[in-house]
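Number of protein chains: 2
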Amino acid sequence: MAGIRDLARECGVSVATVSRALNGQPQVSVETRRQIQEAARRIGYRPSHSARALVRGRSDAVGLLWDSGYEASGRRHPFLMSVLVGVKRALGDLDRHLLLLNAADHNAEDNAFLNAALEHQLDGVILMGIDERRPAARALYDSGLPCVAFDLPITGRHTTYVTSDNAAGAVEAVHYLHRLGHRRAATITGPADSLPALQRLAGFQATVHALGMETRPEYVQTGDFFLGSGYAAGCRLAALTDRPTAVFVAGDEMAIGVMHAFADAGIDVPRDVSVIGFDDIEAASLVRPGLTTIAQDPIALGAAAVEALLALVDAESPADPDELAVQDARLPRTVPIRLVERGSCAPPRPAWEAAAREGGRRRSSPDIERLPG
Amino acid sequence: MAGIRDLARECGVSVATVSRALNGQPQVSVETRRQIQEAARRIGYRPSHSARALVRGRSDAVGLLWDSGYEASGRRHPFLMSVLVGVKRALGDLDRHLLLLNAADHNAEDNAFLNAALEHQLDGVILMGIDERRPAARALYDSGLPCVAFDLPITGRHTTYVTSDNAAGAVEAVHYLHRLGHRRAATITGPADSLPALQRLAGFQATVHALGMETRPEYVQTGDFFLGSGYAAGCRLAALTDRPTAVFVAGDEMAIGVMHAFADAGIDVPRDVSVIGFDDIEAASLVRPGLTTIAQDPIALGAAAVEALLALVDAESPADPDELAVQDARLPRTVPIRLVERGSCAPPRPAWEAAAREGGRRRSSPDIERLPG
DNA sequence: CGGCCAACCGGAAACGTTTCCGTAGGCGCT
DNA sequence: AGCGCCTACGGAAACGTTTCCGGTTGGCCG
């Protein structure tokens, strides 16, 4: 393994010069630099990450904390993998790497995460799909180490979070429904301790109100983001005498559940009732009819997270903690969403046609006609 | 930041003793060890990973290489995330960490991966969802650094791969179909350069032959693991005069595609034809009817990968390269699969009923009756 | 011509570990 | 009593960088 000394000897210069040349520092002549780079390539020199990290006191790596047991706990992050891709790309552009902290799912000592982060001298940590109330997690973001989370409103000395624009997504969804002609829309929301669920519900209610659409207590049902709860809520909706003509569901998996419930009740989607989801999970494009949904942009989410994290570390890097910059970096990031139309929404049926509904019944997966603008 | 010297001073011993005590080496008295551990906790001592890695020459970390642009290239790894969980857990049990190498999707210099791996002194690298023909990947597993891949039959000096028991899965699938009473089964396979596709096809053909089931050229169709290709293949199958009564599809997404094709052709699944998939992706349990499929075990796959990787590094760790152990560690790992029954398979219809099929048509998602053992 | 500055470079001290080698004492054995 | 072995420990040399503090040129200005 060729070290910096070998390289220095090879070029007839000192190790200091080699270091400066390779790190792009200015006090080295262009000719010397060229020679050094040339020689480095020739002898296959590779700088030791450990040595560099040791002396500089940081590793240029960020940690990723995510808990594999999380999904079982009744919450979800439907596309962690894609978000991860976004994180990885953004980091790659900055020549940084990502260290997965094994959350030692069992037997996790309270300082497990923090210890790992400090031992590796991480620049900061990104948290996703984790129970933010775990002591081990708390210890981490109470430590002053920069942290950014997905969909988790964590607080700490150097901490912020990123999330999709859930409120905007909800208002776009009900505007869309309203444009289609719907006036009676229900929603299925998520657990009350889920930030996205709350924001989506708030957006829904505000817009329904602003548009003067009908509102009743039975029109908001609660689920847990999983299929079964969507099915159950769908059954409750189906049994209503004043059934809504559209339903905005806070998560795609639940939305698929309500579609099943409606199918089992003999209610055709989208002819009899429209359903619109949230997230755009893979299955949304696989089911029939295709699920119209508010799509999150996982790549952008990942990029926003690293941007937020870097802002956090930059803000505290100078010796004097720039209080203003810290405040600024602490602001949550919110990334835009996008409506993707598939087959699960349509204009409501005219009353006379709905009345005649109990006649013949056709195939439940009709090709849906293109919707007008 | 407390260093090992502070700890030594605190305890009135030398740094050498502290190091030995903390690393569990035997030549330190139990009393001294206890005191040192106590003091370490008290002053919050955390060993520097960089320093340790620097002097020991290795980092106790393994790299993970996966290419986010891969899916666009016509191949898939349907549950990378879950496999990742498996890898992470297995690693966590060994107090190792996982470093995600940013594959610098663009502008990737030919040695990008290898450089990153060497600079970080990784124990080895796990590859998944990557185009194994990329020069940058080749350089990696030609380098002698231990590598293990998923579903990629890569070869190199210290290299192996893990994969699900695709052949066994295929034979189980057709046995299952055969038990149900099917005698005319088709298959939809994947690209010819995909290892799992090849193995699944081979298992299918061998079993069909062994069981004396009908075989015709049109009964094997080729797809690319994506929905559209499954739909197309399903249409071709539906148009056959001697249509098969069951189809074994080499991937769940394609399987969903053929279900759509059949639905559009007025063919009911599972009444008119059974379809069985492979992989058990999330959507398999979300569609209707639920997709009966051969499930891979992603957690076990991940665990098998780290086990294989560690065998590889152990085999070459002694000064003398134990040629036998290396040979042994190079053997591919194969992890068992499991049949999961959902609603897409049923006994074939008796001929007389099939003949009368063109009569009334009912809802396409009937609740399926439980199958006899 | 002396002094000053900029540009370029070298020596050496860190950084925090692990490990090799050495040593002091205790103990059993002949 | 002398010898050697074993256990527990200390001293110090690595490991491969970065960076501080200089030092040596050569050119320019006064």
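Listed in order, the protein sequences are those of chains A and B. Residues in the first sequence are numbered consecutively from 289, following the working numbering. Residues in the second sequence are numbered consecutively from 289, following the working numbering. In this text, a Cβ means the ideal position worked out from N, Cα and C, and glycines have one as well.
>> In this structure, how does DSSP classify Gly-417 of chain A when only helix, strand and coil are distinguished?
In response: Within the first sequence, residue 417 of chain A is the residue found at index 129, counting from 1. Coil, per DSSP.
> Rounded to a whole number of angstroms, what is the C-alpha to C-alpha distance between Arg-329 of chain A and Ala-309 of chain A?
Replying inline: As a working mapping, residue 329 of chain A is identified with position 41 in the first sequence. As a working mapping, residue 309 of chain A is identified with position 21 in the first sequence. If you take the alpha carbons of Arg-329 of chain A and Ala-309 of chain A, they lie about 13 Å apart.
> Under a Cβ-count criterion, where at least 16 other Cβ atoms within 10 Å of its own Cβ denotes burial, should Ala-543 of chain A be classed as buried or exposed?
Replying inline: Position 255 of the first sequence, counted from the first residue, corresponds to residue 543 of chain A. Buried, since its Cβ has 16 or more Cβ neighbours within 10 Å.
>> Would Asp-411 of chain B and Arg-340 of chain B qualify as a contact pair, given that the criterion is a beta-carbon distance under 8 Å?
In response: Locating residue 411 of chain B in the second sequence gives position 123, counting from the first residue. Locating residue 340 of chain B in the second sequence gives position 52, counting from the first residue. No.
>> Could you pull the DSSP bridge partners for Gln-509 of chain A from this structure?
In response: Taking the first residue of the first sequence as 1, we reach residue 509 of chain A at position 221. Beta-bridge pairing links Gln-509 of chain A to A:Ile-476.
>> For Asp-568 of chain A and Val-628 of chain A, which I take to be in contact (beta-carbon distance under 8 Å), what is that distance rounded to the nearest angstrom?
In response: For the purposes of this step, residue 568 of chain A is taken as the residue at position 280 of the first sequence. For the purposes of this step, residue 628 of chain A is taken as the residue at position 340 of the first sequence. Correct: roughly 6 Å between the Cβ atoms.
>> Tell me whether the stretch 588 to 595 of chain B and the stretch 361 to 381 of chain B touch, counting them as touching only if at least three CB pairs, one residue from each stretch, are closer than 8 Å.
In response: Yes, they touch.
> Counting Cβ pairs, one atom from each stretch, are 3 or more of them under 8 Å apart for the stretch 515 to 522 of chain B and the stretch 537 to 553 of chain B?
Replying inline: As far as the Cβ criterion goes, the stretch 515 to 522 of chain B touches the stretch 537 to 553 of chain B, which means the pair count is three or higher.
>> Using only the alpha-carbon positions, how far apart do Gly-578 of chain B and Val-575 of chain A sit?
In response: By one-based count along the second sequence, residue 578 of chain B stands at place 290. By one-based count along the first sequence, residue 575 of chain A stands at place 287. The alpha-carbon separation between Gly-578 of chain B and Val-575 of chain A amounts to approximately 11 Å.
> Going by DSSP, what residues sit across from Val-563 of chain A in a beta bridge?
Replying inline: Translated into positions along the first sequence, residue 563 of chain A becomes position 275. By DSSP's assignment, Val-563 of chain A forms a beta bridge with A:Val-535.
> Are there 16 or more other CB atoms within 10 angstroms of the CB of Thr-496 of chain B, so buried, or fewer, so exposed?
Replying inline: As a first step, residue 496 of chain B must be located in the second sequence, where it is residue number 208. Checking the sequence shown, residue 496 of chain B turns out to be Val, not Thr. Result: buried.
>> The alpha helix (DSSP H) that contains Leu-410 of chain B, what's its start and end?
In response: Within the second sequence, residue 410 of chain B is the residue found at index 122, counting from 1. No alpha helix (DSSP H) contains Leu-410 of chain B, which DSSP labels as neither H nor E.
> Going along chain A, which residues have a C-beta under 7 Å from Arg-504 of chain B?
Replying inline: Start at 1 with the first residue of the second sequence, and residue 504 of chain B comes out as number 216. Near Arg-504 of chain B there are no residues of chain A at all, since even the closest Cβ is about 29 Å away, more than 7 Å.
> Taking Cβ-Cβ distances shorter than 8 Å, what residues in chain A pair up with Pro-434 of chain B?
Replying inline: Reading the second sequence from its first residue, position 146 is the one you call residue 434 of chain B. Simply none; closest approach about 17 Å.
>> Suppose you measure from the CA of His-394 of chain B to the CA of Asp-430 of chain B; what does that come to, to the nearest Å?
In response: Position 106 of the second sequence holds residue 394 of chain B. Position 142 of the second sequence holds residue 430 of chain B. Bear in mind that the predicted position of His-394 of chain B carries a pLDDT of just 49, short of 50, making it unreliable; the figure below should be weighed with that in mind. So the two alpha carbons sit approximately 22 Å from each other.
> Which chain B residues are close to Val-575 of chain A, counting only those with a beta carbon under 7 Å from its beta carbon?
Replying inline: Along the first sequence, one-based indexing puts residue 575 of chain A at 287. In chain order: Leu-574, Val-575.
> How many Å lie between Ala-290 of chain B and Met-289 of chain A at the Cα?
Replying inline: In the second sequence, counting from the first residue as 1, residue 290 of chain B sits at position 2. In the first sequence, counting from the first residue as 1, residue 289 of chain A sits at position 1. About 31 Å.
>> Do Gly-590 of chain B and Val-413 of chain B have their beta-carbon atoms positioned less than 8 Å apart in this structure?
In response: The count along the second sequence starts at 1 and reaches residue 413 of chain B at position 125. The count along the second sequence starts at 1 and reaches residue 590 of chain B at position 302. No, Cβ-Cβ distance for Val-413 of chain B and Gly-590 of chain B is not below 8 Å.
> How about Gln-682 of chain A: is its C-beta nearer than 8 Å to some C-beta of chain B?
Replying inline: Residue 682 of chain A lies beyond the range of chain A shown here (289 to 661); nothing can be said about it.
> Is any heavy atom in the ligand FMN found nearer than 7 Å to the beta carbon of Gly-417 of chain B?
Replying inline: Looking at this structure, you won't find the ligand FMN or any other ligand, since it has none at all.
>> Do Arg-467 of chain B and Glu-502 of chain B count as a contact pair if the criterion is CB distance below 8 Å?
In response: Sequence index remark: in the second sequence, residue 502 of chain B carries index 214 (1-based). Sequence index remark: in the second sequence, residue 467 of chain B carries index 179 (1-based). Cβ atoms of Glu-502 of chain B and Arg-467 of chain B: not closer than 8 Å.
>> Between Gln-584 of chain A and chain B, is the shortest Cβ-Cβ distance under 8 Å, so that the two count as touching?
In response: In the first sequence, residue 584 of chain A corresponds to position 296, counting from 1. Interface flag for Gln-584 of chain A against chain B is unset, since no Cβ pair is found closer than 8 Å.
> For Phe-401 of chain B, which three-state DSSP category applies?
Replying inline: Counted from its first residue, the second sequence places residue 401 of chain B at position 113. If DSSP states are grouped into helix, strand and coil, Phe-401 of chain B belongs with the helices.
> Does the separation of the CB atoms of Ala-549 of chain B and Gly-511 of chain B fall below 8 Å?
Replying inline: Against the second sequence, residue 549 of chain B aligns to sequence position 261. Against the second sequence, residue 511 of chain B aligns to sequence position 223. Contact check for Ala-549 of chain B against Gly-511 of chain B fails: the beta carbons are separated by 8 Å or more.
> According to the neighbour-count rule (16 or more other Cβ atoms, all chains shown, within 10 Å of its Cβ), is Gly-491 of chain B buried or exposed?
Replying inline: By one-based count along the second sequence, residue 491 of chain B stands at place 203. Around the beta carbon of Gly-491 of chain B, 16 or more other beta carbons sit within 10 angstroms, so the residue counts as buried.
>> If I follow the unbroken beta strand (DSSP E) through Val-450 of chain A, where does it start and stop?
In response: As a first step, residue 450 of chain A must be located in the first sequence, where it is residue number 162. 447 to 452 is the extent of the beta strand (DSSP E) around Val-450 of chain A.
> Is Leu-389 of chain B closer than 8 Å to Phe-401 of chain B when the C-beta atoms are compared?
Replying inline: Position 113 of the second sequence holds residue 401 of chain B. Position 101 of the second sequence holds residue 389 of chain B. For the 8 Å CB-CB criterion, Phe-401 of chain B and Leu-389 of chain B form a contact.
>> Using only CA atoms, which one of A:Val-436, A:Leu-483, A:Val-459, A:Val-535 lies nearest to Pro-636 of chain A?
In response: To locate residue 636 of chain A, count along the first sequence from 1; it is residue 348. When each option's Cα is compared against that of Pro-636 of chain A, the closest is A:Val-535.
> Is it a yes or a no for the stretch 555 to 569 of chain B touching the stretch 617 to 624 of chain B, going by three-plus beta-carbon pairs under 8 Å?
Replying inline: Between the stretch 555 to 569 of chain B and the stretch 617 to 624 of chain B there are fewer than three inter-stretch CB-CB distances shorter than 8 Å, so the stretches are not counted as touching.
>> On the criterion of 16 or more Cβ atoms from any shown chain inside 10 Å, does Arg-488 of chain A qualify as buried, or is it exposed?
In response: Here residue 488 of chain A refers to the residue found at position 200 when the first sequence is read from its first residue. Arg-488 of chain A should be labelled buried.
> By the 10 Å Cβ neighbour count, where 16 or more other Cβ atoms means buried, how is Asn-311 of chain B classified, buried or exposed?
Replying inline: Taking the first residue of the second sequence as position 1, residue 311 of chain B is located at position 23. Burial check for Asn-311 of chain B: the Cβ neighbour count within 10 Å stays below 16, so the residue is exposed.
> What is the DSSP secondary structure of Ile-587 of chain B, reduced to helix, strand or coil?
Replying inline: Position 299 of the second sequence, counted from the start, is the residue given in the question as residue 587 of chain B. The three-state reading of DSSP puts Ile-587 of chain B in helix, counting H, G and I together.
> Candidates B:Thr-529, B:Val-462, B:Asp-530: which alpha carbon is nearest Gly-500 of chain B's?
Replying inline: Taking the first residue of the second sequence as position 1, residue 500 of chain B is located at position 212. The shortest C-alpha separation from Gly-500 of chain B is found at B:Val-462.
> Are the C-beta of Gln-409 of chain B and some C-beta of chain A separated by less than 8 Å?
Replying inline: If you number the second sequence from 1, residue 409 of chain B lands on position 121. By this cut-off, Gln-409 of chain B is an interface position.
>> So, for His-664 of chain B: in the same chain, excluding its five sequence neighbours on each side, which residues have a beta-carbon less than 8 Å away from its beta-carbon?
In response: Examination of residue 664 of chain B is not possible in this model, given that chain B is present from 289 through 661 alone.
>> Quick test of your reading: Asn-454 of chain B and Pro-484 of chain B, contact by CB under 8 Å. State the CB separation rounded to the nearest angstrom.
In response: The count along the second sequence starts at 1 and reaches residue 454 of chain B at position 166. The count along the second sequence starts at 1 and reaches residue 484 of chain B at position 196. Separation of the CB atoms of Asn-454 of chain B and Pro-484 of chain B is rounded to 5 Å, and the pair is thereby assigned contact status at 8 Å.
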